[in-house]
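Going by the numbering used here, the sequence shown opens with residue 601, and the numbers climb by one from there.
Okay, so here's the structure we're looking at.
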Amino acid sequence: SWSGDAMGETRTGRRWPLVITLLAVGPLLVLPLQAVADVWRAPALLLQRLGTRGIASLAAPGARVDAAVTTSLVVALTATAISLVVAWPAARVLSQLGRRMRTALLAVIAAPLLVPGFATGTGLAAWFLRLGLADSVPGLVAAHLVYVVPYAVLVLAPAFDDGLRRLEEAGRTAGAGHVARVRLVTV
601 SWSGDAMGET
611 RTGRRWPLVI
621 TLLAVGPLLV
631 LPLQAVADVW
641 RAPALLLQRL
651 GTRGIASLAA
661 PGARVDAAVT
671 TSLVVALTAT
681 AISLVVAWPA
691 ARVLSQLGRR
701 MRTALLAVIA
711 APLLVPGFAT
721 GTGLAAWFLR
731 LGLADSVPGL
741 VAAHLVYVVP
751 YAVLVLAPAF
761 DDGLRRLEEA
771 GRTAGAGHVA
781 RVRLVTV
């Protein structure tokens, strides 16, 4: 029988990191197969026909892969930076609220994640057309922010708990100014 090690870890407990890693990395392992699959239809677990059509499309004249990668990086980095600027203070304020108010506001903030993407996307498309943001990089960034900001708030909010406030108060007591506390304690 398996009794675990000195820390009380069981065989099942050791498998969770592997399971989580496979769930995160597993879909990425399909990408190289997709690149060499000429035919791979939905219910089939294995590809039906090998080919180089996917790879050839990257090298085709006019593929503009460099422009697509550049745009993707610009959108991702811009959306991340803006979401952190917005989510940091929002998470900070949420941590200082009472439990009922915090729960209600988290539900409102997380609403775009709870509503089906088609409904959110359709509404965004209508607004973006009216505002002239359709087919533009700022429009892509704004569309990403609808989903990225709630995730950023949900990830950052637990970091601003009572323990952090006590550490910041200790820094204040030790004579650290506001910038020093943010740099050395909060961040």
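Built from N, CA and C at the ideal position, the CB exists for glycine as well.
Environment of residue 624 [buried if 16+ CB atoms lie within 10 Å]: Answer is exposed; the Cβ neighbour count stays below 16.
Backbone CA spacing between residue 602 and residue 615 [nearest angstrom]: Any reading at residue 602 must be qualified, since the residue scores a pLDDT of 45, below 50, and its modelled position is unreliable; the value itself is stated next. Inter-residue distance for residue 602 and residue 615 is about 14 angstroms (C-alpha atoms, whole angstroms).
Inter-residue spacing [alpha-carbon to alpha-carbon] between residue 627 and residue 653: In a straight line, the C-alpha of residue 627 is about 21 angstroms away from that of residue 653.
Counted within 10 angstroms of its Cβ, other Cβ atoms place residue 739 as buried (16 or more) or exposed: Buried, by the Cβ-count rule.
Environment of residue 655 [buried if 16+ CB atoms lie within 10 Å]: Exposed: under 16 other Cβ atoms inside 10 Å.
Inter-residue spacing [alpha-carbon to alpha-carbon] between residue 732 and residue 722: Those two C-alpha atoms are separated by around 15 angstroms.
Where residue 748 sits in the DSSP three-state scheme: If DSSP states are grouped into helix, strand and coil, residue 748 belongs with the helices.
Residue 623 - DSSP class collapsed to helix/strand/coil: Here residue 623 sits in helix by DSSP.
Where residue 666 sits in the DSSP three-state scheme: DSSP places residue 666 in helix when its eight states are reduced to three.
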